[in-house]
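Asks: For the sequence shown, the numbering used here begins at 420 and goes up steadily by one. Please see the structure below; I have some questions.
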Amino acid sequence: MKNILVPFGLSNEKTTLSLIQYAIDLAQELGGTIYVAQVFKELPRAGSLPSVNKTLKEITASSIEERLASLDKKGVKIIALPLEGDLLESIPKFNLEHAIDLIVLSPENSDIKNPYYLNEISGSLVKKTIIPILVIPEMYSFSPIKNILMAVKSGIIKKENALNPIKEVLKAFDAELKLLQVKTVDFLTEDSEFDKDLGEITSSYKSSENATLFQGVLEHLNEHYPDLLCVFRRKRGFFAKLWEKNTVLKKDFESRIPLLILRGVQ
420 MKNILVPFGL
430 SNEKTTLSLI
440 QYAIDLAQEL
450 GGTIYVAQVF
460 KELPRAGSLP
470 SVNKTLKEIT
480 ASSIEERLAS
490 LDKKGVKIIA
500 LPLEGDLLES
510 IPKFNLEHAI
520 DLIVLSPENS
530 DIKNPYYLNE
540 ISGSLVKKTI
550 IPILVIPEMY
560 SFSPIKNILM
570 AVKSGIIKKE
580 NALNPIKEVL
590 KAFDAELKLL
600 QVKTVDFLTE
610 DSEFDKDLGE
620 ITSSYKSSEN
630 ATLFQGVLEH
640 LNEHYPDLLC
650 VFRRKRGFFA
660 KLWEKNTVLK
670 KDFESRIPLL
680 ILRGVQ
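Next up, the structure:
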């Protein structure tokens, strides 16, 4: 995970700066570069307006750099990234040229009156992008990742290199991965098969029968006390249903620890 992207402006500034500091601390351990992205709206091109749009890009970059001045950069390379137009369209375009390995997001605020875990923009990024996503709880402080809980319904992983991010974390922190397989009502016989690479990085395995993957996770969190929760974004099952409407409600899924979302299928 050499190239890490953090969108600026999806949460309030205090939360966003805390999120970027977490990304800096993580990048220091992984040897990565951070891109802090913020969109700007380009004016219609006419006459001398291209120079105006260039100025808007420069102003956006300067604004990002000024707001990052208070952070402890710890020697990590941080690049201010002004993106033209819409975030959901700009990030995939940038990814094609620069190969982003990870997007770091924050969930909605923890106010009990707020029913959402992920809002429409962050939920859409999870749903539509092929890039792994790390969701960091509001104002969460970085600490070394030693214990990872991966929750799956199926042990089959069809997407090539889908496990690369978690392998990098395991290696960087000398961590252990505990695998929890949650068998729901739509569990299939073939789901019992396990990808060879997944088996090789697993330290322990446990299965559970629950109505949803989320219920299985809640049941076993206090048993494992993980530093990181990892799940797959699949086309079939509970997590596919979660992002049908782009937003995710806290009652349907919420993580109080960092959540790494990987793609498990083509």
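All residues carry an ideal CB built from backbone N, CA and C; glycine is no exception.
What do you reckon, are the CB atoms on residue 552 and residue 439 nearer than 9 Å?
Replies: no
Asks: In whole angstroms, give me the CA-to-CA distance for residue 609 and residue 498.
Replies: C-alpha of residue 609 to C-alpha of residue 498: approximately 44 Å in a straight line.
Asks: Is the region 572-585 close to the region 508-515, with three or more CB pairs under 8 Å?
Replies: no
Asks: Please state if the CB of residue 559 and the CB of residue 441 are separated by a distance shorter than 9 Å.
Replies: Against a cut-off of 9 Å, the Cβ pair of residue 559 and residue 441 comes out as a contact.
Asks: Just the Cα atoms here: how many angstroms apart are residue 478 and residue 455?
Replies: 14 Å
Asks: With a threshold of 8 Å, are at least 3 pairs of Cβ atoms found where one atom belongs to the region 611-621 and the other to the region 562-579?
Replies: yes
Asks: Rounded to the nearest angstrom, what separates residue 612 and residue 520 at their Cα positions?
Replies: 28 Å
Asks: Going by other Cβ atoms of all chains shown within 10 Å of its Cβ, with 16 needed for buried, is residue 644 buried or exposed?
Replies: exposed
Asks: Apart from the five residues just before and just after residue 476, which ones in its own chain have a Cβ nearer than 6 Å to its Cβ?
Replies: 501
Asks: Can you tell me whether residue 496 is buried or exposed? The criterion is at least 16 other CB atoms within 10 Å of its CB, across all chains shown.
Replies: exposed
Asks: Sort out for me which residues DSSP pairs residue 456 with in a bridge.
Replies: 426, 500
Asks: Which residue wins for smallest C-alpha separation from residue 607, given the options 534, 594, 575?
Replies: 575
Asks: With H, G and I counted as helix, E and B as strand and the rest as coil, what does DSSP make of residue 588?
Replies: Residue 588: helix per DSSP, three-state reduction.
Asks: Are the CB atoms of residue 535 and residue 636 nearer to each other than 9 Å?
Replies: no
Asks: So residue 638 and residue 602 are in contact, right, with Cβ under 8 Å, and what is the actual spacing, rounded?
Replies: The Cβ separation is near 12 Å, so there is no contact.
Asks: Excluding the 5 residues preceding and the 5 following residue 562 in the sequence, name in chain order all residues of the same chain whose CB lies nearer than 8 Å to its CB.
Replies: 646
Asks: Write down the C-beta distance between residue 522 and residue 487 rounded to the nearest angstrom, noting that I regard them as a contact closer than 8 Å.
Replies: Not really, about 18 Å apart at Cβ, beyond 8 Å.
Asks: Would you mind giving the Cβ-Cβ distance between residue 490 and residue 436, rounded to the nearest angstrom? I have them listed as a contact below 8 Å.
Replies: 6 Å
Asks: Where in the region 573-617 do unbroken runs of the alpha helix (DSSP H), each at least 4 residues long, occur, reported from the N-terminal end onward?
Replies: Scanning the region 573-617 for uninterrupted alpha helix (DSSP H) segments of 4 residues or longer gives 583-592, listed from N- to C-terminal end.
Asks: From residue 485 to residue 433, what does the alpha carbon distance come to, in whole angstroms?
Replies: 14 Å
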